[in-house]
Amino acid sequence: MSIKNESKLANVEVIERNFEALNYICNPQIATAVFLAYHLEKPILIEGPPGVGKTELAKTTAEMLDLECVRLQCYEGLDESKAIYEWKYGKQLLYTQVLKETLSEILDGAQGLTQSVDKLHEFGDIFFSEQFLEPRPLLKALKHEEGCVLLIDEVDKSDHEFESLLLEMLSDFQLSIPEIGTVKANPNRKPLVFLTSNNTREISDALKRRCLHLYIPFPDADLESKIVHARVPEVPEKLRSQLVAFIQELRDMDLKKVPAISETIDWARTLILLHSETLDADLVRQTLNVILKFQEDIEHVEAELQGVTNRALKET
Amino acid sequence: MTSMIDRTVVDFVKVLRTAELAVSPAETLDAMRALNIVGYQDRQFLKNSLSIVLSKTPDEKEAFETCFESFFSFDKFSPAEEQQETEQQQGSPENDDEFDPTSEQEEGGGKSGGQGMGQGGGGAEEASDDEGLEPTSKLGKLILARDTSAVMLAMVEAGREVHVNEIVVFTQKGLYTRKIMDAMGLPELQDEIGTLQDEGGNERTTLAGKLTKARDRLRDKVRDYVEKQFFLHADESGKQLREELLRKVKLSNLEKRNFKDVQEIVFKMAKKLIAVHSKRRKQFRRGHLDIRKTLRHNMQYDGMFFDLHWKSKKIDRPKVMCICDVSGSVSNYSRFLLMFLYSLAEVLPKARSFAFSSDLGEVTRLFAQSDLEEAMAKTMRDYGNGSTDYGQMLLDFKKNCMDDVDNKTTIIILGDARNNYGDPQSGIVKEMYDKAKRVIWLNPEPKMSWTVGDAEMNKYAPCCHQTEVCNSLMHLERVVSNLLRSST
């Protein structure tokens, strides 16, 4: 497989560096996964808690390789007509009307029913040809001229049937359309496929088997600090380590939804807007709703706020 | 060499499988392809890559981690102790400085898969310079060369020859140690030591002594190696054997120490059932019309709307009421049924659980709120171990719950129907029979004792749709699976 900017995928360190240049800080596992996905020509299934940058990885890869990112958002009830292709019914109807009017011209000179039918057959199945086909994300990605990044987002939200639909695409990079035949990807321009899942339900073994599996956990303090630095460079160093320490401690608490990286970044932005230089209990209390999304979590943390804040301040 | 790499991968996959990672042959092939790209140079890189290719859930990743560490680790084979002995023998302090870096490098080389050859060779030369006499047998040369990675390689090779990965039980360790030693050329070495001692002479005896020592050291190492292999290969398959057994054994015969295993099995069973049965979907026959789908499906009928499709779908799951006898005589069984019900809560959201000895109490909420251990303990404390009164239980049920029973409800009663000669109130069971979809009675006793003594099974049985003997996990699984299947 060769796509443009292939050199950016030469080895793991290069990938890591290129990601970093695009403000996506990753650990070696993530870079290894992208490296292998490209060289083994296999899709990656990315799992992990929400907000750790699963979708972002696909988008960043697309940006890095300067390829289009075709995105398919999964939801319950998603089916082939939304994911793969759809016939242009309106166009078909319109053309039928047109055909009706010119029918007598076409059939001119035909004698008897058999000849007429034979003449009609000469037209073949024009109504089910590519001109009448509306490609949806999967087909679009497959037929992309210069290769692309295909992001199948939150695949766990879709139905079991849809998963089975994906199998052909994922293992052979081809799709079968009954009326037309099999559409294959250009062997040198196969799309780079990312699937993300939030683990709301178990993904079937058949799908897992066809994918590389990457689990992105919450980052440790070092990595998170780097990420915040990359995303919100305005944050002064002291505040950054304080807020990272605070978040890290929150993750150990028994909360309904622990703050993810995206929340850390939002919080950092908030604190910049408020021109804060350092954390204190009052400030945290006022901005707690940025990082915690449930009232009971907020109440739970507020009770221990002073202690957690002090510890976060002390650590730095 | 390629075939050797492939064999290593296959061996490793086998180890993963015994650790309950479901690795398919296709994934094994992927791993080999990945290896071709990744290479063996960087251990961490190799581990990340294999982990991405072979393990597919966070749990599996953890298991993979341990497997990888123990499969690809040679650090047990540290040359440090050997070093010490050599120093003692030679007793020359100047050698210290020369040897230390060597040993360090050797350790590093061993880890990354045998690079320390050159270093080890240097050590060997020195040793033979000291002695002026070299061992002639292959193994003798090898073990005196102090080249740990070469010895390690030879050992692994020999292990492969004698199929050490087929070791099943602990007692086979001696056997396999012996086999590996033999395959490495022990008889030859023994002969040599014998000859050296027979021939006598200062140098020869020293060499013989050295060889003997090295041989004993090697034996220790081989034993270690075999032990490690045992833990890698046999420990888990032994567990599988045990699980298989536990499923069939009568629940009342289970011992306390097995409870943890059983809990694991119950959990696994429940998970399997959930996976199988949550897929069944039934399409609603009303609600929003799915126009797109209807259009598409009706194109074959010339666009006549003939076959209608609806938007909403629904997973149909049975409404289950489960009544457990937790009195002394059957508490062992109900414990497991309760455990099972607890685990099934996800697939049976409408399940209600009751427990009784004489008075009936609902434990659904308790189950929902506390974890398994606590819920079981509380249930047993509140309702358990009294004397049985089925009549009272049925009266309570009629009073409190009969109104909730409808034609979709399945009622499961678990008990031995031993009523202490009280009023059986079988009329209420009849009423359940009429109102509910199904009434299932699970009796832990064998069928022949169902009517013996104070058992009232003959009165209850006609009012049940189904009566089953249920005294092992396998029975339990079958009943619940049938229950889920019949609901659709």
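Protein sequence lines correspond, in order, to chains A and B.
Our numbering applies: residue -4 is where the first sequence begins, and numbers increase by one.
Our numbering applies: residue 71 is where the second sequence begins, and numbers increase by one.
Glycine included, every Cβ here is placed at the ideal spot set by N, Cα and C.
Mark residue i as exposed unless 16 or more other C-beta atoms lie within 10 angstroms of its C-beta, in which case mark it buried.
i, result
"A5 of chain A", "exposed"
"K203 of chain A", "buried"
"M518 of chain B", "exposed"
"T449 of chain B", "buried"
"A180 of chain A", "buried"
"S542 of chain B", "buried"
"R488 of chain B", "buried"
"Q243 of chain A", "buried"
"P163 of chain B", "Residue placement at P163 of chain B cannot be trusted, given a pLDDT of 41 that sits under 50; what the coordinates show is reported in the next sentence. P163 of chain B is exposed by the Cβ-count criterion."
"E90 of chain B", "exposed"
"G193 of chain B", "With a pLDDT of only 38 at G193 of chain B, under 50, the local geometry of the prediction cannot be trusted, and the value read off the model is given with reservation. The residue is buried, with at least 16 neighbouring Cβ atoms inside 10 Å."
"F301 of chain B", "exposed"
"P38 of chain A", "buried"
"D113 of chain A", "exposed"
"F437 of chain B", "buried"
"Q237 of chain A", "buried"
"Y491 of chain B", "exposed"
"R77 of chain B", "exposed"
"G210 of chain B", "buried"
"G48 of chain A", "buried"
"G186 of chain B", "For G186 of chain B, the pLDDT reaches just 36, beneath the cut-off of 50, and the residue's location in the model is therefore unreliable, leaving the point undetermined."
"E11 of chain A", "buried"
"D441 of chain B", "exposed"
"H208 of chain A", "buried"
For residue i, which beta-bridge partners are listed by DSSP?
i, result
"H208 of chain A", "A:L40"
"K138 of chain A", "Paired residue(s): none; K138 of chain A is not in a bridge."
"Y80 of chain A", "A:P130"
"C392 of chain B", "B:S423, B:I482"
"C471 of chain B", "According to DSSP, which records beta bridges pairwise, C471 of chain B is partnered with nothing at all."
"F189 of chain A", "A:I39, A:L146"
"G456 of chain B", "Looking at the DSSP assignment, G456 of chain B forms no beta bridge with any residue, so it has no partner."
"V178 of chain A", "A:L170"
"A525 of chain B", "B:R488"
"G497 of chain B", "Its beta-bridge partners do not exist; DSSP assigns none."
"L86 of chain B", "Looking at the DSSP assignment, L86 of chain B forms no beta bridge with any residue, so it has no partner."
"W380 of chain B", "B:L359"
Hey, could you find the ends of the alpha helix (DSSP H) residue i is sitting in?
i, result
"P130 of chain A", "Here P130 of chain A belongs to no alpha helix (DSSP H); instead the beta strand (DSSP E) covers 128 to 130."
"R113 of chain B", "113 to 124"
"S257 of chain A", "256 to 268"
"E538 of chain B", "No alpha helix (DSSP H) contains E538 of chain B, which is instead part of the beta strand (DSSP E) from 536 to 539."
"L278 of chain A", "276 to 286"
"L281 of chain B", "272 to 299"
"M225 of chain B", "218 to 231"
"V400 of chain B", "Careful: V400 of chain B lies outside any alpha helix (DSSP H) and carries neither H nor E."
"E125 of chain A", "Looking at the DSSP string, E125 of chain A is not in any alpha helix (DSSP H), and its letter there is neither H nor E."
"H224 of chain A", "216 to 226"
"P128 of chain B", "128 to 141"
Assuming residue i contacts residue j (C-beta within less than 8 Å), just tell me the rounded distance between them.
i, j, result
"V123 of chain B", "D100 of chain B", "5 Å"
"L187 of chain A", "V144 of chain A", "5 Å"
"A53 of chain A", "C64 of chain A", "7 Å"
"F122 of chain A", "Y90 of chain A", "7 Å"
List the endpoints of the continuous beta strand (DSSP E) containing residue i.
i, result
"W511 of chain B", "508 to 513"
"R196 of chain A", "Here R196 of chain A belongs to no beta strand (DSSP E), and DSSP marks it neither H nor E."
"V112 of chain A", "Note, V112 of chain A: premise wrong, no beta strand (DSSP E); alpha helix (DSSP H) at 107 to 116."
"V65 of chain A", "63 to 68"
"L430 of chain B", "430 to 432"
(request) Select from the stretch 285 to 305 of chain B all residues with a C-beta closer than 9 Å to any C-beta belonging to chain A, and list them in chain order. (result) For the stretch 285 to 305 of chain B, the beta-carbon criterion of a distance under 9 Å to any beta-carbon of chain A is satisfied by none of its residues.
(request) Mind checking the stretch 87 to 105 of chain B against chain A and listing, in chain order, the residues whose C-beta falls within less than 8 Å of any C-beta there? (result) Among the residues of the stretch 87 to 105 of chain B, those with a Cβ less than 8 Å away from any Cβ of chain A are A92, S94, A96, E97, D100, R103, A104, in the order of the chain.
(message) What are the residues in the stretch 122 to 134 of chain B lying within 9 Å of chain A by C-beta distance?
(response) Residues of the stretch 122 to 134 of chain B that bring their beta carbon within less than 9 Å of a beta carbon in chain A comprise I122, V123, L124, S125, K126, T127, P128, E130, K131, in sequence order.
(request) Identify each residue in the stretch 51 to 84 of chain A for which the Cβ-Cβ distance to at least one residue of chain B is less than 9 Å, and report them in chain order. (result) Taking 9 Å as the Cβ-Cβ cut-off against chain B, the residues of the stretch 51 to 84 of chain A that qualify are E71, G72, D74, S76, K77, E81, W82, Y84.
(message) Any C-beta of chain B within less than 7 Å: which residues of the stretch 6 to 31 of chain A qualify?
(response) Within the stretch 6 to 31 of chain A, the qualifying residues are V7, P23, Q24, T27, A28, L31.
(message) Can you pull out the residues from the stretch 204 to 216 of chain A whose beta carbon lies closer than 9 Å to at least one beta carbon of chain B?
(response) Answer in chain order: R204, R205, C206, L207, H208, L209, Y210, P212.
(message) Residues of the stretch 34 to 49 of chain A in Cβ contact with chain B at a cutoff of 9 Å, in chain order, please.
(response) Against chain B - using a Cβ distance shorter than 9 Å - the residues of the stretch 34 to 49 of chain A are H34, L35, K37, I39, L40, E42, G43.
(message) By the 7 Å beta-carbon criterion, what residues does the stretch 261 to 295 of chain A contribute toward chain B?
(response) Of all residues in the stretch 261 to 295 of chain A, none has a Cβ within less than 7 Å of some Cβ in chain B.
(request) Mind checking the stretch 72 to 85 of chain B against chain A and listing, in chain order, the residues whose C-beta falls within less than 7 Å of any C-beta there? (result) For the stretch 72 to 85 of chain B, the beta-carbon criterion of a distance under 7 Å to any beta-carbon of chain A is satisfied by none of its residues.
(message) Beta carbons nearer than 9 Å to chain B: which residues of the stretch 139 to 153 of chain A have them?
(response) Against chain B - using a Cβ distance shorter than 9 Å - the stretch 139 to 153 of chain A contributes no residues.
(request) Quick one: which residues of the stretch 204 to 217 of chain B get their C-beta closer than 9 Å to a C-beta of chain A? List them in chain order. (result) Residues of the stretch 204 to 217 of chain B whose Cβ lies closer than 9 Å to any Cβ of chain A: none.
(request) Check each residue of the stretch 419 to 445 of chain B: if its Cβ is closer than 8 Å to any Cβ of chain A, include it; give the result in chain order. (result) So nothing in the stretch comes that close.
(message) At a CB distance below 8 Å, what residues from the stretch 109 to 121 of chain B approach chain A? Give them in sequence order.
(response) For the stretch 109 to 121 of chain B, which is checked against every Cβ of chain A, the residues closer than 8 Å are Q114, F115, N118, S119, S121.
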